[in-house]
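Using full-length UniProt numbering, the letters of the sequence shown correspond one by one to residues 1 to 1190. See below for the structure under consideration.
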Amino acid sequence: MQESSSSKKKSAPNKQQTILNFFGNASDLNKTRNQEACSEGKSKSLKRKAHSPSKIHLDSISHKVTGKFSSDNNTTKKLRMDTNTLNDLKGKHIEHDAIKVKSPKKKNILSCKSGLSLNKESNVENIIKHYELEPMNQKENICNRKIEITCSSTDLSNDLNISQNDFNSQPSHDGSSSNEQRISRAEIDDIFIDDFDLEDIKDNLDLTTMQRCKILDIIKHPQSFEIILKNNVNNRGTVFIEGNWLNTYLQTGDIVSILASRDSSGRFRINNTQGLLVLRPDHLISSTSVVSGVFCRRKAVLQERWKGIDSASVTMTIGTLVHEMVQRALTQKISNVPQIKVLCENIIKESIEMLYDAGITEADVRTNMQVYLEPLAEFMQTYVVNDKMIDSKKYQWKGKVEKVLDIEENVCCPQMGLKGKIDATLKVTIHNRKDKTTTVPLELKSGRASVSAEHTGQLVLYGMMMSVLEGKDPARGDQRGLLLYLKDKINITEVNCDYPERRDLVMLRNELVQHLAAGPNDTSQDELTDIEDLGKYHQSLPEPVNHHSACSKCAYLTLCSLHLWHTNGTTVSSGHPLSKLKSTALGHLSSEHIQYFLKWASLLRVEEKMQLMNSPIHALWTDSTDIRSKRGSCAPNLTLSRVSSSNGRYLHVFIRNGTKTETLSGTQYIKGPQAGDFSIVSIDNRPWVAAGAVTLSDSKELQILLDRDLSLRLSSNTKYHIDIYESYATTVQNLTNLGLLIEDTHQASKLRKLIIDKESPTFTQKLPPRVHKLSKELLVTLNEEQQAAVLRVLECDDYVLLQGLPGTGKTQTLCALIQLLCSLGMRVLVTAHTHSAVDTLLSRLPSSLKVLRVGTSSRVSVSAAVKECTTVEQLTNLYNSVQVVGVTCLGASHALLSKNTFDFCIVDEATQVLQSTVLRPLFAANKFVLVGDPEQLPPVVRSRDAKFLGMEVSLFHSLMKDRTTCTLSLQYRMNQPLADLANKIAYSNRLKCANETVAKAALNINKMKLSESSSDQWITTVCSPEPEDAAVFLNTKMELSEDASKTLNNKDEAVVVLAVIKILKQAGISASDIGVIAPYRDQVTLLKRVLDGTQVEASTVDQFQGRDKSVIIYSCTRKDDNLRKVKDNEVLNDKRRLAVSVTRAKHKFIVIGNIRALKRYTTIMKLEEACKTVDLDEEVVTNLNNKYGF
């Protein structure tokens, strides 16, 4: 009900409110207690300032009681509220947050996180019930707050020297003075228990050195924020934020990196003249991205998230080549023009793929680079090879380069939340400091000498990072950097900025990170229930720049406009350039196109968040090497033995120093990075000095291929730590693909109609006679189903789906299709989710076809034909002449695909590829064929929410219709019993044996080789070639464990697997014909250790996709009791994964598991019902353990 105006006037407090601080510091408090102690030895009052009254009038509607006690040494006391006091405060409203409530006897400690409203009928029990107070551990830290009592008054001034009568004369809100509510000092004292436990929480956080902290609380004052902090060792402190720093969007729970100074009162402060605050420093932003935000912050964020929208330009390519030329001249000390010309020519010859990508010829490059040759020679002669320091008025910088310390030095600075690559790290002597050498970063710019804020800003950020790494003050320390321009003439500028420039760059970085890194209050995992909820994950963006020319030419105009007009973010006026450009930017898109883009962009962000939670990069600097090593992700304390160079890369050989090895069955196994893992190299107090792929990992050494030689800069005593790194670059690639899909291009428009609008594909009714003639020659080895599928592909005008059930000759069919297409003069792009799938298909093609495999150099060897090309023209001719090109979906950004259009794109494993990932290769073809099996592995999606909202739906699933889908159901792999098993698990009798030979195939067992001791029933069944024994379930009847749900490996099952393999090998089965699959990586790791030396492969089902073995052994692993609830989409309940496992076997499928532990998994129990079950008693398993030394 609305109050009357008169009532409002009476109750409204005066604008001028006074905060009376009742409590001084701890020493005052203790002194007062001693002075005012009562006869019982307990204090009933707390010392106030001398001019404070003994009683105050409190607002009867509401007042606030929060607490913080601080001593001279910043020791924070506990604040607790006596439960009896709650009853004494009836009729008042107390607002408090995280105040701990406990009884006088220190029992039933309670935590309250919301306000309390007490009326006359209230009691403690009702309060506790209503506000759901939760019992808490007595050792739990108590939140600290400043104790304030806010008093409303009509005539109080800022002067706190107020008499008691001033308070007592204040009228109550209802206008009467007789019924005033007052709280005396003693009553206030009663709120707080006498024992403050002063030692529990200490305000001992030293912020004069940079600290990574968590924000516990933010108290807003008119001119500042009071930030309560805690670092990683639970030291606590307070800092006051003032000035421009108040624009930083801070939240309770945020991680910040703080550097502050003490004021005259001893308080830490950050303001316009001192200190640094780095928001969410664990998210490393490149210095290039930060300075790109100087002009348009919005574009800087878009570039970070949608890299690749900008295509390679001539200017960027020339800049890259000039950088390479200068860096080689520095390291090789080349200083005359003729030698630099030779260097330039060599670089051009080595860069023809880059020139091809940019669409520029060697002649054009020479012309563009000519203007840099003489200035570079002059720079080298003046500053590098000259023994004397330059002292001429001709040159702006007076100094000398003493030594080139590093080229493209990787700098990772989590304290500043920054990363970058320094063009050159130099040791220099500066004219005015002849007696002292200084390490400085050099930044080379290939454009005109603008000395812009972006260029100088990059050096400032490098300087701040280097200061932190050297243990210096990044806010005030002496920092110098060299900005070098070489176009037409030398222009070298020494950059040495003051605090304001550093402060503003950090603030710019903070503004960008708000849009790039999730904050503590962002949407948490597992709370999305509807597609509409994905709006919470729309990419937030800063405000756009107001510049019509820049906006109209920006490569990110469509992305920028889509987020502006179709997400709940920034808005602009009708006169803004983006308002005028709206139709140009978005006129070609329908609402369905926009919603598709937003849905998939949001799903990618949901999945990315889950990846960051499971494998955070910040573990490199927040977790010790011991913790990371125990986790199995790090090889710590390595010593660099030797470095060898190969094709511009450097093979580093590290020696393990006392690394603990786990031994099982006499086998040593080293945790940490394994061969093939992309990994990060760090040293003490400096993460991420280099990164590359591990080539070898054994008990003695670890070898890794890096792009720079670490031995040149670091001492021989340096200890290295190598961590497995899970890159998040695929998210950016997928976002870029979505960005290309909404561009206003012909190919993007065509794909939108097929993929989003679901326009029905069309087919040619009659094929030309030439096709029929060639088909008879090339398709003769195919069955009728396969032939029909090939001809259907030839009839399509848009796309066809080929559903290849397991063992149905899918690869053979695709090879025949590719040969036929090439015979018809068409070009084919072959792609898949994995490298192995691409390589398998290409390896089956006849040598008569011109086939080229492309991809990143770290994963794919450069073709000999490409190596033979010495000019852009030769490379162009090669690329234009190849008939078949193979590349993974993630590698489809290769220049060859952007410069060529193929007649067909064939996507193998299409059901395993995310929709956003498969888009990229489709841009390079007129028609496409999606090949896969919807009953087998889906795309890898970790987030439960993302799965629920459709991220697992592949493009194959999305487009699948009877008219567009050809199915291969005649299989040549499994015998009849195993085909029947697969039909029961997944295929509903659609899978058929192609002929009698396939149906009756069995193990070729040599019974004579089996020893007499192999007469046990389970051994007989395992080795039996009989059809009824083709699918066997070995039930290990071991005791279940209550805590085994935390362990995803099973030693008993591993021993049984080893025993089965030894028996099969004894019976004449080759190790290469046996495969072992486990659903969990931990079990696979254990199996690899146990099976070491057997030559039998053990892996997860994902790595067995597309392959088969005569015998497959499946280890279920689980050994916990049945009390645990099965999670959604748990791996053992995943029908598709089990279907892949079953269909890898040709003659025998052996399952090992404990039925009692597996009863809650309906899919596994369905498998058990279809198999022949043989019990392995505990005695049998125990004997096997003893036999094999476990």
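Beta carbons: idealized from backbone N, C-alpha and C, even for Gly. If you're wondering where the values come from, they're calculated on a predicted model, not measured in any experiment.
Given residue 1193 as reference, the closest of Lys214, Ile490, Thr1094 and Thr584 once Cα atoms are compared: Outside the displayed span of the chain (1 to 1190) sits residue 1193, for which this structure offers no information.
Exposed unless 16 or more other CB atoms sit within 10 angstroms - verdict on alanine 377: Here alanine 377 is buried: its Cβ has 16 or more other Cβ atoms, across all protein chains shown, within 10 Å.
Assigned exposure category for isoleucine 109 - 16 Cβ within 10 Å defines buried: Because isoleucine 109 sits at a pLDDT of 35, beneath the cut-off of 50, its placement in the model cannot be relied upon, and the point is left open.
Extent of the continuous alpha helix (DSSP H) run through valine 918: 915-922 is the span of the alpha helix (DSSP H), which, as asked, contains valine 918.
Among Met1038, Ile1069 and Asp1073, the one whose alpha carbon lies nearest that of valine 1056: Taking only the C-alpha atoms, the option nearest valine 1056 is Met1038.
Contact under 7 Å by Cβ, cysteine 889 with proline 921: It is a contact, given that the beta carbons lie within the stated cut-off.
Distance, asparagine 235 Cα to asparagine 1050 Cα: Asparagine 1050 and asparagine 235: Cα-Cα distance of roughly 42 Å.
Cβ-Cβ distance between serine 954 and proline 977 below 7 Å: No.
Beta strand (DSSP E) segment containing aspartate 903, residue limits: Unbroken beta strand (DSSP E) run through aspartate 903: 902-908.
Residue environment, alanine 363, which counts as buried when at least 16 other CB atoms sit within 10 Å: With fewer than 16 other Cβ atoms within 10 Å, it is exposed.
Reduced DSSP secondary structure (H/G/I, E/B, other) of proline 577: Correct three-state label for proline 577: helix.
Aspartate 933 classed as buried or exposed, judged by whether at least 16 other C-beta atoms fall within 10 angstroms: By the neighbour-count criterion, in which 16 or more other beta carbons inside 10 Å mark a residue as buried, aspartate 933 falls on the buried side.
Residue(s) in a DSSP beta bridge with aspartate 1138: Checking the sequence shown, residue 1138 turns out to be leucine, not aspartate. In the DSSP assignment, no residue is bridged to leucine 1138.
Member of Val1096, Leu1034 and Tyr799 whose CA lies at the smallest distance from the CA of aspartate 1175: Minimum Cα distance to aspartate 1175 is reached at Leu1034.
Neighbour-count burial assignment, asparagine 1186, 16 or more Cβ in a 10 Å radius: By the 10 Å Cβ count, asparagine 1186 comes out exposed.
Glutamine 812 CB to nearest heavy atom of the ligand FAD below 6 Å: This structure simply doesn't include the ligand FAD, nor any ligand for that matter.
Buried or exposed by the 16-neighbour rule on C-beta atoms within 10 Å, applied to asparagine 717: Asparagine 717 is exposed by the Cβ-count criterion.
Element boundaries [beta strand (DSSP E), containing leucine 484]: Note, leucine 484: beta strand (DSSP E), 481-485.
Between the CA atoms of aspartate 217 and lysine 47 - distance to the nearest angstrom: Here lysine 47 scores only 32 on pLDDT, less than 50, and its place in the model should not be relied on; the value that follows carries that caveat. Near 26 Å, if we compare the C-alpha coordinates of aspartate 217 and lysine 47.
Cross-strand partners of valine 1060 (DSSP beta bridge): The partner list for valine 1060 (beta bridge, DSSP) is empty, contrary to what the question assumes.
Buried or exposed by the 16-neighbour rule on C-beta atoms within 10 Å, applied to histidine 772: Exposed is the label assigned to histidine 772, since fewer than 16 other Cβ atoms lie within 10 Å of its Cβ.
Residues bridged to cysteine 966 [DSSP beta-bridge criterion]: Answer by DSSP bridge pairing, in chain order: Leu802.
Nearest residue (CA-CA) to serine 760, options Gln747, Asp798 and Asp522: Checking every option, the nearest Cα to that of serine 760 belongs to Asp798.
For leucine 581 and serine 540, believed in contact at Cβ under 8 Å, the rounded distance: The Cβ separation is near 21 Å, so there is no contact.
7 Å Cβ cutoff met for arginine 298 and proline 544: Cβ distance < 7 Å, so arginine 298 and proline 544 count as in contact.
C-alpha gap between leucine 896 and valine 365, whole angstroms: Their Cα atoms are separated by approximately 20 Å.
Contact belief for leucine 482 with histidine 455 at Cβ below 8 Å, rounded distance in angstroms: The pair is not a contact, with the Cβ atoms about 11 Å apart (cut-off 8 Å).
Entirely enclosed alpha helix (DSSP H) segments - the stretch 1067-1150, minimum 4 residues: Whole alpha helix (DSSP H) segments, 4+ residues: 1081-1090, 1101-1104 and 1135-1142.
Burial state of threonine 83, where buried means 16 or more other Cβ atoms lie within 10 Å: Summary for threonine 83: the model assigns pLDDT 44, below 50, so the residue's position carries little reliability; its value from the coordinates is reported in the next sentence. A residue is called buried once 16 or more other Cβ atoms fall within 10 Å of its Cβ, and threonine 83 is buried on that count.
Proximity to aspartate 677 [Cα-Cα], best of Ser697, Asp684, Trp688 and Leu774: Closest in C-alpha terms to aspartate 677, from the list Ser697, Asp684, Trp688 and Leu774, comes Ser697.
At least 3 beta-carbon pairs within less than 8 Å: the stretch 946-962 vs the stretch 984-996: Segments in contact, no.
Min CB distance threonine 288 to chain B below 7 Å: Annotation note: the requested chain B is absent from the structure, which comprises a single protein chain.
Exposure of valine 862, with buried meaning 16 or more beta-carbon neighbours within 10 Å: Under this definition valine 862 is an exposed residue.
DSSP-derived helix/strand/coil call for lysine 472: Looking at lysine 472 - three-state DSSP - the assignment turns out to be coil, as it is neither helix nor strand.
Assigned secondary structure, glutamate 494 (DSSP; H/G/I helix, E/B strand, else coil): DSSP places glutamate 494 in strand when its eight states are reduced to three.
With 16 other Cβ atoms within 10 Å as the buried cut-off, status of glutamine 396: Counting Cβ neighbours within 10 Å, glutamine 396 comes out exposed, since fewer than 16 surround it.
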